[in-house]
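Trainee: Chains A, B, C and D, in that order, are what the protein sequence lines are. With the first letter of the first sequence counted as 1, position 173 gets the number 172 in numbering that gives the first Met the number 0; the numbers rise by one all the way through. With the first letter of the second sequence counted as 1, position 27 gets the number 26 in numbering that gives the first Met the number 0; the numbers rise by one all the way through. With the first letter of the third sequence counted as 1, position 66 gets the number 65 in numbering that gives the first Met the number 0; the numbers rise by one all the way through. With the first letter of the fourth sequence counted as 1, position 60 gets the number 59 in numbering that gives the first Met the number 0; the numbers rise by one all the way through. Ideal Cβ positions, reconstructed from N, Cα and C, are used throughout, including at glycine.
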Amino acid sequence: MTAVQSRVSPDVLVKIFTTAAKIKMYDETYRATMRAGKIGGMYYSARGQEIIPSSFSAVLEPSDYVLTIYRGIHDQIAKGVPLNTLTAEFFGRATGSCKGKGGPMHVTDVASGLILTTGVVGSGLPIGVGVALSAKMRKSGQVAIVNFGDGASNIGAFHEALNMAALWELPVVFVCQNNQYAEYTKYSLGMSVDQISKRGAAYTMRSIHVDGNDPEAMYEAAKTAVDAARAGEGPTLIEAMTYRFYGHVMGDMMKYMPDDELEAARAADPVLKLRADLIAAGTLTDEQVTQIEAGLRTEIDEAFEYAMSSPLPDASDATTDVYAEGIAL
Amino acid sequence: MTAVQSRVSPDVLVKIFTTAAKIKMYDETYRATMRAGKIGGMYYSARGQEIIPSSFSAVLEPSDYVLTIYRGIHDQIAKGVPLNTLTAEFFGRATGSCKGKGGPMHVTDVASGLILTTGVVGSGLPIGVGVALSAKMRKSGQVAIVNFGDGASNIGAFHEALNMAALWELPVVFVCQNNQYAEYTKYSLGMSVDQISKRGAAYTMRSIHVDGNDPEAMYEAAKTAVDAARAGEGPTLIEAMTYRFYGHVMGDMMKYMPDDELEAARAADPVLKLRADLIAAGTLTDEQVTQIEAGLRTEIDEAFEYAMSSPLPDASDATTDVYAEGIAL
Amino acid sequence: MTAQSEVIDPEVKSERILTQIQAINEALDIALGLDETVFELGEDIQDPGGGGFGVHKGLSTKYGLDRVRPTPITEQAIMGAAIGAAITGMRPIPEIMLMNFMAVCQDQLINHAAKLRYMSGGQTHVPVTVRTTTGAGGGFGAQHSDMLEGPLVHTPGLKVVIPSTPADAKGLLLTSIFDDDPVVFIEMHHLYFSISGHVPEGDYRIPLGKARLAREGSDVTLISWGRQVHDCMAVADTLAADGINAEVLDLRSLVPLDTEAMLASVAKTRRVVIVHEAVRRNGFGAELAATINEELFGQLAAPVRRVAAANTPVPYSAPLEAAYMPSKADIEATVRGLF
Amino acid sequence: MTAQSEVIDPEVKSERILTQIQAINEALDIALGLDETVFELGEDIQDPGGGGFGVHKGLSTKYGLDRVRPTPITEQAIMGAAIGAAITGMRPIPEIMLMNFMAVCQDQLINHAAKLRYMSGGQTHVPVTVRTTTGAGGGFGAQHSDMLEGPLVHTPGLKVVIPSTPADAKGLLLTSIFDDDPVVFIEMHHLYFSISGHVPEGDYRIPLGKARLAREGSDVTLISWGRQVHDCMAVADTLAADGINAEVLDLRSLVPLDTEAMLASVAKTRRVVIVHEAVRRNGFGAELAATINEELFGQLAAPVRRVAAANTPVPYSAPLEAAYMPSKADIEATVRGLF
Ligand SMILES: Cc1ncc(C[n+]2csc(CCOP(=O)(O)OP(=O)(O)O)c2C)c(N)n1
Ligand SMILES: Cc1ncc(C[n+]2csc(CCOP(=O)(O)OP(=O)(O)O)c2C)c(N)n1
Ligand SMILES: [Mg+2]
Ligand SMILES: [Mg+2]
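In structure tokens form, the structure reads like this:
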């Protein structure tokens, strides 16, 4: 386990804040749009988990790869998937990143390096290993970041992926976003060990347990892991502690989450805290923050408008993209 | 990790020796019968690994359960599967434990507690968890022993099974018989950790690393684990170091195994060593040993004769035992 | 069958109207109450939620977390634990949250559960009822919607049940749980709340391998299961207005299959359309069509037709998903094409 | 297709006689030599053994352990790593040692490899060729012998190839490797050493979706793939002595399927027997029978018959296994029954 404590530069913190604020505002807009009945479908809010991918985005190159899961909106935004096509994909529009075929659980945006979103718990880990293997074989210098939840650390694919990545010393970072619940079950009820990061020892893997809501610690963890991967020093397992503010899926009544726990977590909102800290430290003025937020507001509103006004796909599109060439289905 | 050092009683050692000698002689007879062209098929010799299940057999009750793999002849004999029906199953006879339907890779003998033999690496572990769960739910006091190889510790089922067993504190012992090879590959080439027993920590599981060829150490490990399981103190992972004397499968040219390594292992034959030690310690006389071996010889010869003279199944039997009742296939 | 209580005739109409999810909950409750060896295991099945859809509501409170046993996300261990418990005297009811996740534990199901009775020469058997849910049309996308009964039917040793009505769901589930073979019990979540029906109280069992004649007719046979039975019924009503009298056969269980009822109906009507939600290529419709053609060669007035999903993954966007699914319009047009 | 070299016409007879395993080894060698993005990964594939059957002999020595990459026993990671590499520019050739073990990594194959092109709206694709081997008749028992092409054919997005001759094995494997879709390439190990044949040198490609007319005939069509093609040929010889002139069609690839060649042949002969080693219920024979009946309704002189394995797990003991397998005698009797 690596101790993470050193300070990070104000520039980096502003970057992290800007990304995190974007995720937060986007999420708020998405939920509001749903509540207003303007769109339906499933939505897995990542409110509360913004700092984790925002910290990575301050470290990663555009050409690096990120893999995520159904709860992936924060990872997708942080990696730079354009909000217009991203939103259009969530809305099932022809203009979506995946032409409306994939949907929220299966967003891919090759141009920004968001290479995979999977809906099957744990399945992204072996694929991330392959992405990193490819980078290593192609000597491209790219790094793969594989995001997953606390619940995913109990499934077989986790074990196989970590073993292979360690064995082959691949440039991959396994990021367990421990938001303390797998659906409606507290993570500790499914886990035979108190910290997921301790499982790294089973693979002699560099492992970091970090407060994923603390931007300084999280940035350092991300940087340590990505630098090591880039330097050919193999994979890292990061367990980033965080919390989901809105339960598993939109509509979750959250009865299984103790009220005080939820309230405490929301009271410690990491995005608001970082905002306040930056102002308090004099890194940003109130005005600057307001300006950043106004810019984000415009971008987000435009994205929702773009998506809302985009056409639905044509039914005839249902049978394309199954195979490379037009073989008879 | 538990240190294992205390002495075991001469009675127990004689018991272990008798079982181990039976396995060794049986194996020699089997290979000789194959070499003589009297039977064909695949045979996965367990020569060299005898001490592990023989030690367990000195600890287990008849009602306890054992699960094993394609390389399971030693486990099957040690658990008391009758040699007649066991051999008949290997020979594909109608009188076999499984009527010739299962074969060597799928031996079950409910009466002796040999509840499962699987040919899919790692798949016995989750099933062993279920066997232990059943024992716990039925409050039967039974213990489940799940045998598997070093190679199996890299597969997902291993991880899922150990997590569940630890979480539910089940009466199960996971016995990794580390014979140092998975098929034609040295185990260290597939593993990101130097000792498989270290993986127990990922589940906060009692873990023992032991010389599986040392009957005293192995007996103590088995006893520690089985006693704990029986006492409701949950599962144990045992990594028992050993060696395969005849490669992966009958016919293996063993080119990938260094000559000196193989020679050294055979020179330290654990069954011969225990035999010599018992005589040297005065626990058994030469004559007593000879007598034990003569008894085993008779039993084994009878089994091979029984199997050889047993009829093959009738073709009409191919379609029974698919479902409980005679539903149309 | 270890536990048997007084069995109620499901044909006797009950006054109670239940949803399918209520009926399934009731069957689980009855089975847990009847036999100590019955237990459930699966992800998030405990109260207060009682499962993602609420199938288990109240059961962990009533029977405890030992018998309504929440698990980590660990499908191989869920299925393996069920098998191990089953071969040593228990009757586990594992839940695989969605059918696509059965791919994660396919080895346990097809290499072990299905084969253990055979491989052991009948010494052990696997009285496991694997419950799962699935179905397209809900905008869940390609990894949460597949109907995968076809590959299961191709696995000797498994039984496969797909109920269409609340009363059937209850009676078939109880039979499955007390059946001595591994049963995959496929619940189409579209039916959980959308269709209500009369459900008798208490314990009753509907035998596996007996199709339900949902509608009698003389001109064409519509063969289906699960959700699409209701589509067939609706189309039959439409056709009746035009004087086409469709018989609708609900197979209920695919293995064992009520071949007799199927052939009798088709021999009578001489026209048949098989309707299923799974993709067409090598879906179970292919087996049925092949069998009907073999058995009734020369007796049919028109080719055996299949209406099924397109040979593509399940798309996300609504118009694409609608194009993917077999629709009532497809069924109707196909039937009309036979005349 | 990224790499293409001068392609040799496979119809041009070569003087060289190779076994199927030599032909496959040669195809892998050529592909590895041709394109740096091609690499193999799997258990025990390194020299000196070069795999359980020796398929990879010499390749790790020639191309290094980076490109002929041995793995732990970890099928999910093998398949996942192949997929991840494929969507980022590589052409991996994962080996699943025996087909039954594909059940262990089924999720990666059917929920990911098959669907990623579609789910990503064509942004990524999965040029993976999953090689595996299987087949009954060798006394390997229920967990090491299954033919499982049926469920794969039911998975949109996958291509499925099963070669019968050494020349086909080489030409189809090269095409599969350089195909931009995931291909499951099923080698029946019975054919590895038992059948030799002329194999052209160098690089040549046999297109997927083109059946091979193995024998021309006029009275009945035998449709098959893999090992059973040879059984059909033998039966055709026997029948010829009695004046029954059988046409034998080797499908080579099941997806894409050469429907045209199949229907043309059956339209001509008006009698057809489909032969496969997989179990009968919902095997791919069902789909073929259903399609032929739909397309050639009223034109057939006899019902479409299927000869396939019994609906049981694969038994161990020789007489049971023989009873399980579709045999030449079964094929012959079935054909004679059509006249
Ligand atoms: C293999 C598999 N099993 C079950 C599910 C259903 N499921 C979806 S999300 C989820 C909980 C995942 O929890 P966690 O990994 O902690 O991620 P989080 O949702 O908290 O981000 C479950 C069980 C699934 N998608 N895949
Ligand atoms: C899931 C799976 N993958 C691959 C195989 C093929 N296989 C059979 S034995 C074996 C090696 C197993 O090694 P280990 O676990 O060390 O057991 P040992 O044979 O040494 O006793 C392999 C890879 C298999 N049976 N199952
Ligand atoms: Mg979580
Ligand atoms: Mg080994």
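Could you confirm whether any beta carbon from chain B is found closer than 8 Å to the beta carbon of Leu-212/D?
Mentor: Leu-212/D does not count as touching chain B.
Trainee: Which residues of chain C have a Cβ atom closer than 7 Å to the Cβ of Glu-159/B, listed in chain order?
Mentor: Thr-73, Gln-75, Ala-76
Trainee: Measure the CB-CB distance between Asp-197/B and Ala-200/A and report whether it falls below 8 Å.
Mentor: Here the sequence assigns Lys to residue 197/B, which means Asp is not the residue at that position. In this structure, Ala-200/A lies closer than 8 Å to Lys-197/B by Cβ.
Trainee: Taking only heavy atoms of ligand 4 into account, decide whether any of them is closer than 7 Å to the Cβ of Asp-251/B.
Mentor: Ligand 4 has no heavy atom closer than 7 Å to the beta-carbon of Asp-251/B.
Trainee: Taking the C-alpha atoms as reference points, what is the distance between Tyr-202/A and Glu-292/B?
Mentor: 45 Å
Trainee: Span of the alpha helix (DSSP H) holding Tyr-191/D?
Mentor: 189 to 193
Trainee: Under 8 Å, Cβ to Cβ, is there at least one residue of chain B near Pro-150/C?
Mentor: no
Trainee: Going by beta-carbon coordinates alone, are Val-127/D and Val-254/D separated by less than 8 Å?
Mentor: Not a contact, by the Cβ cut-off of 8 Å.
Trainee: Could you give the first and the last residue of the continuous beta strand (DSSP E) run that contains Asp-258/B?
Mentor: Asp-258/B -> not in any beta strand (DSSP E); alpha helix (DSSP H) instead, spanning 258 to 266.
Trainee: How far does the beta strand (DSSP E) with Gln-176/A in it extend, from its first residue to its last?
Mentor: 171 to 177 is the span of the beta strand (DSSP E), which, as asked, contains Gln-176/A.
Trainee: Looking only at C-alpha atoms, which of Phe-100/C, Glu-293/C, Glu-286/C sits nearest to Val-271/D?
Mentor: Glu-293/C
Trainee: Answer yes or no: does any C-beta atom of chain A fall closer than 8 Å to that of Leu-319/C?
Mentor: yes
Trainee: Should Asp-320/B be labelled buried (16 or more other beta-carbon atoms within 10 Å of its own) or exposed?
Mentor: buried
Trainee: By the 9 Å beta-carbon criterion, what residues does the stretch 173 to 194 of chain B contribute toward chain A?
Mentor: From the stretch 173 to 194 of chain B, only Leu-188, Gly-189, Met-190, Ser-191, Val-192, Asp-193 have a Cβ closer than 9 Å to chain A.
Trainee: For ligand 6, any of its heavy atoms closer than 7 Å to the Cβ of Gln-176/A?
Mentor: You won't find ligand 6 in this model; what it holds is ligand 1, ligand 2, ligand 3 and ligand 4.
Trainee: Give the DSSP bridge partners of Gly-196/C, in chain order.
Mentor: Leu-17/C
Trainee: So, do the stretch 69 to 86 of chain A and the stretch 278 to 292 of chain A have three or more beta carbon pairs nearer to each other than 8 Å?
Mentor: no
Trainee: CB of Asp-149/A to nearest heavy atom of ligand 3: below 7 Å?
Mentor: Remark: the C-beta of Asp-149/A is in contact range of ligand 3, defined as less than 7 Å to any heavy atom.
Trainee: Classify Ile-77/C: buried if its beta carbon has 16 or more other beta carbons within 10 angstroms, exposed otherwise.
Mentor: buried
Trainee: Might you give, ordered along the chain, the residues of its own chain that have their beta carbon closer than 7 Å to the beta carbon of Ser-4/D, omitting 5 neighbours on each side?
Mentor: Because Ser-4/D carries a pLDDT of 43, less than 50, the predicted location of this residue cannot be relied on, and the following value inherits that uncertainty. So the list reads Leu-33, Asp-202, once near-sequence residues are dropped.
Trainee: Decide if Ile-154/B is buried, meaning its Cβ has at least 16 other Cβ atoms within 10 Å, or exposed.
Mentor: buried
Trainee: Does the stretch 123 to 139 of chain A come close enough to the stretch 80 to 91 of chain D that 3 or more CB-CB pairs lie under 8 Å?
Mentor: yes
Trainee: Given that a residue counts as buried once 16 or more other Cβ atoms are within 10 Å of its Cβ, and exposed if not, what is Ala-322/D?
Mentor: Its Cβ being crowded by 16 or more others within 10 Å, Ala-322/D is buried.
Trainee: Would you tell me roughly how many angstroms separate the C-alpha atoms of Gly-36/B and Phe-90/B, rounded to the nearest one?
Mentor: Rounded to whole angstroms, the gap between the alpha carbons of Gly-36/B and Phe-90/B is 13 Å.
Trainee: For Gly-156/D, return the contacting residues in chain A, with the cut-off set at a CB-CB distance below 9 Å.
Mentor: Val-321, Tyr-322
Trainee: Considering only residues of the same chain and omitting the five flanking positions on each side of Thr-340/C, which have a CB-CB separation below 6 Å?
Mentor: Residue 340/C lies beyond the stretch modelled for chain C, which goes from 0 to 338, so this question has no answer here.
Trainee: Roughly how many angstroms lie between the CA atoms of Ala-134/A and Gly-123/A, to the nearest whole one?
Mentor: 16 Å
Trainee: Is Val-103/C close to ligand 1? I mean its beta-carbon at under 7 Å from any heavy atom of the ligand.
Mentor: Using a cutoff of 7 Å, the CB of Val-103/C counts as near ligand 1, since one of the ligand's heavy atoms is closer than that.
Trainee: Quick one: measure Cβ to Cβ for Leu-238/D and Glu-331/D, integer angstroms, because I've assumed they're closer than 8 Å.
Mentor: About 7 Å separates the Cβ atoms of Leu-238/D and Glu-331/D, confirming a contact at the 8 Å cut-off.
Trainee: Any chance you could list the beta strand (DSSP E) runs of at least 3 consecutive residues sitting entirely within the stretch 52 to 102 of chain C, in chain order?
Mentor: 67 to 70, 90 to 95
Trainee: Pick from Ala-230/B, Asp-316/B, Met-307/B: whose alpha carbon is nearest that of Leu-82/B?
Mentor: Met-307/B
Trainee: Provide the residue span of the beta strand (DSSP E) that contains Gly-41/C, from first to last.
Mentor: In the DSSP annotation of this structure, the continuous segment of the beta strand (DSSP E) that includes Gly-41/C starts and ends at 37 to 42.
Trainee: Looking only at DSSP bridge pairs, what is Ala-308/C linked to?
Mentor: DSSP lists Val-278/C as partners of Ala-308/C.
Trainee: I'd like to know if Pro-125/B contacts chain C, where contact means its C-beta is closer than 8 Å to some C-beta of that chain.
Mentor: Chain C, which has a Cβ nearer than 8 Å to the Cβ of Pro-125/B, makes this yes.
Trainee: With a 10 Å radius around its C-beta and 16 neighbouring C-beta atoms as the bar for buried, classify Ile-15/A as buried or exposed.
Mentor: So Ile-15/A counts as buried.
Trainee: Kindly indicate which three-state DSSP category Thr-333/D falls into: helix, strand or coil?
Mentor: helix
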